Amino acid sequence: MTSPVGTSRRGMLVGTAALGLAAAVPGASRAAPYDGAAWRRYAERFLLPEGRIVDTGNKGISHSEGQGYGMLLAVAGGDRAAFDRLWGWTQRVLMVRGDGLVAWRWTPDGGVADRNNASDGDMLIAWALLRAAETWQAEAYRTAAAAIVKALAAGVLVEQAGLTVLLPGRDGFRKGETLVLNPSYWIFPAIRAFAALPGGERWGKLSDSGLVLLSKARFGGFQLPPDWMTLDAAGTVSIADGFKKQYGYDAVRVPLYLAMDGYRDPYYFRPFATLATKFGGSAVPATVSLPGGTTTQVAASVGMLAVYRLACKLAGAGDAVTVPPLAPDEDYYSTTLAHLSALAAQSLGIDP
138 MTSPVGTSRR
148 GMLVGTAALG
158 LAAAVPGASR
168 AAPYDGAAWR
178 RYAERFLLPE
188 GRIVDTGNKG
198 ISHSEGQGYG
208 MLLAVAGGDR
218 AAFDRLWGWT
228 QRVLMVRGDG
238 LVAWRWTPDG
248 GVADRNNASD
258 GDMLIAWALL
268 RAAETWQAEA
278 YRTAAAAIVK
288 ALAAGVLVEQ
298 AGLTVLLPGR
308 DGFRKGETLV
318 LNPSYWIFPA
328 IRAFAALPGG
338 ERWGKLSDSG
348 LVLLSKARFG
358 GFQLPPDWMT
368 LDAAGTVSIA
378 DGFKKQYGYD
388 AVRVPLYLAM
398 DGYRDPYYFR
408 PFATLATKFG
418 GSAVPATVSL
428 PGGTTTQVAA
438 SVGMLAVYRL
448 ACKLAGAGDA
458 VTVPPLAPDE
468 DYYSTTLAHL
478 SALAAQSLGI
488 DP
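Everything in the sequence shown is counted per the working numbering, starting at 138 for the first residue and increasing by one.
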């Protein structure tokens with residue numbers, strides 16, 4: 138997340154398989170299941186004994202996003218002890234705001250360094266708790282999830298231009314009558330799970346609004362969404378000022394979350410597949426300036442390539458992207474994207 142005063146850094150349906158992802162397509166090629174061994178490899182790299190996930194690409198900090206991803210992967214790996222360590226550290230250290238939301242950023246030398254919440258981190262944590270409640274038949278997890286969902290609805294769900302939208306954090310994302318939004322914070326499978334809770338109607342509207350915004354947020358030759366955008370009172374979507382005007386490390390999660398929620402329509406995945414195939418599927422740039430289209434010399438990480446491979450398959454571009462193995466020193470974010478892409482592929486019944 139980007140704090141309003143800080144520096145810019147850089148899913149799954151209840152009742153289905155794995156983490157609750159959409160059911161596999163009959164007759165499709167099945168990927169190898171995400172299992173305890175895959176989770177253990179992840180945990181050995183990034184989970185400390187006290188229960189925090191370390192962002193190895195960001196000076197060793199921890200954040201609500203990482204805790205949420207870790208909790209989701211722990212459920213997928215069937216590791217309740219690790220899940221409880223993750224949830225326990227999150228409660229003790231990050232839930233200090235007093236409004237039910239989670240402080241987003243913690244540093245090894247200063248503790249909680251930004252008390253603002255990151256709405257995607259809160260959503261990931263709540264969704265993981267719902268998955269844990271179902272997997273291990275533990276109502277305490279469900280109660281905790283419902284409390285976070287209620288706090289999110291009260292603090293960051295707002296109405297703008299006839300749409301229900303999600304503020305990236307409780308503070309700092311209103312600029313007069315214009316809202317600053319992050320399209321990658323629409324974690325569609327989590328939103329669907331929240332909509333299924335009692336009183337969850339607004340979450341269903343949020344899911345609908347996300348699709349509307351993605352149809353509007355198509356910029357440049359590749360028709361890509363920006364990492365950060367604005368929505369004004371008239372419903373106009375623009376690339377946000379005050380942030381890098383690019384598609385990149387945040388927005389790469391848009392096709393991932395759509396796939397995790399079972400979307401298969403090529404319309405949603407074609408912009409990302411077009412970008413990947415333009416660069417031969419192995420030299421994809423990490424960022425693209427918007428609307429200009431200038432690409433960075435920094436290459437997409439292994440995890441980003443895993444997302445592009447998934448997008449290409451769903452867009453009908455086949456095996457256009459080659460994904461190398463994760464390196465022994467692959468950073469937290471890239472590794473997480475790779476693991477989530479594998480889960481999405483597994484759910485959809487396609488090779489990762």
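Just so you know, even glycine gets a beta-carbon here, dropped at the ideal spot from N, CA and C.
Only a predicted model underlies this, so the values are computations on that prediction, with no experimental measurement involved.
In this structure Leu442 touches Val458 by the C-beta definition: roughly 6 Å separates them, less than 8 Å.
For Thr424, the number of other beta carbons within 10 angstroms of its own is at least 16, and it is reported as buried.
Beta-bridge annotation (DSSP): Arg311 is paired with Leu316. The DSSP assignment places complete alpha helix (DSSP H) segments of no fewer than 4 residues inside the region 385-461 at 390-397, 403-415, 439-452, in order along the chain.
For Asp251, the enclosing beta strand (DSSP E) has its first and last residue at 248-254. According to the DSSP assignment, Trp176 belongs to the alpha helix (DSSP H) that extends over 173-183. Judged by DSSP secondary structure, Thr301 falls within the beta strand (DSSP E) whose first and last residues are 300-303. Taking 8 Å as the upper bound for CB-CB distance, Thr472 and Gly440 are in contact here, some 6 Å apart. In this structure, the beta-carbon distance from Ser256 to Leu393 does not fall below 8 Å. For Ile285, the uninterrupted alpha helix (DSSP H) run begins and ends at 276-292, by DSSP. Looking at the DSSP output, Leu368 bridges to Leu316, Val374. DSSP places Trp340 inside the alpha helix (DSSP H), whose first and last residues are 338-353. Contact fails between the region 330-340 and the region 372-382, because fewer than three Cβ pairs, one in each stretch, are under 8 Å apart. Taking each of Leu368, Val286, Arg217 in turn and checking the Cα distance to Gln297, the smallest one comes out for Leu368. Look at Thr193 here: in three-state DSSP terms it is coil, with no helix or strand label.
Contact between Val421 and Ala410 does not hold, since the beta-carbon distance rounds to 11 Å and is not under 8 Å.
For Arg222, the enclosing alpha helix (DSSP H) has its first and last residue at 217-226. Under the three-state reduction of DSSP output, Phe380 falls in the coil class, being neither helix nor strand.
The Cβ atoms of Ala218 and Trp176 lie no closer than 8 Å to each other.
The three-state reading of DSSP puts Ile262 in helix, counting H, G and I together. By the beta-carbon neighbour count (other beta carbons within 10 angstroms, threshold 16), Thr432 is buried. Rounded to whole angstroms, Ala290 and Lys342 show a C-alpha spacing of 12 Å. In chain order, Ser201, Gln204, Gly205, Met208, Thr227, Val239, Ile285 place their CB closer than 7 Å to the CB of Ile262, counting only its own chain and leaving out the 5 sequence neighbours on each side. Within the model, the alpha-carbon separation for Ala396 versus Lys287 is close to 26 Å. Ranked by Cα distance from Ala269, the options Asp216, Asp251, Thr315 are led by Asp216. In the three-state reduction of the DSSP assignment, Arg268 falls in the helix class. Ala327 places its beta carbon 8 Å or farther from that of Met232. Non-local beta-carbon contacts of Leu427 in its own chain, meaning distances under 8 Å to residues more than five positions away in sequence, involve Phe356, Gly357, Leu361, Pro363, Ile376, Lys382, Gln383, Tyr384 in chain order. The Cβ atoms of Trp243 and Ile190 do not sit closer than 8 Å to each other.
Rounded to whole angstroms, Gly194 and Leu184 show a C-alpha spacing of 14 Å.
In this structure, DSSP gives Glu296 an extended state, which the three-state scheme calls strand.
Contact between Gly309 and Asn254 is absent: CB atoms are separated by about 11 Å, not below the 8 Å threshold. Looking at the DSSP output, Ser199 sits in a beta bridge with Trp243. At the C-beta level, Arg401 and Leu480 stay beyond 8 Å of one another. In the same chain as Asp192, and ignoring 5 residues on each side of it, the C-beta atoms closer than 6 Å to its own belong to Ile198, Gly203, Tyr469, in chain order. For Trp365, same chain residues with a beta-carbon under 6 Å away, outside a window of 5 residues either side, are Asn319, Ala377, Phe380 in chain order.
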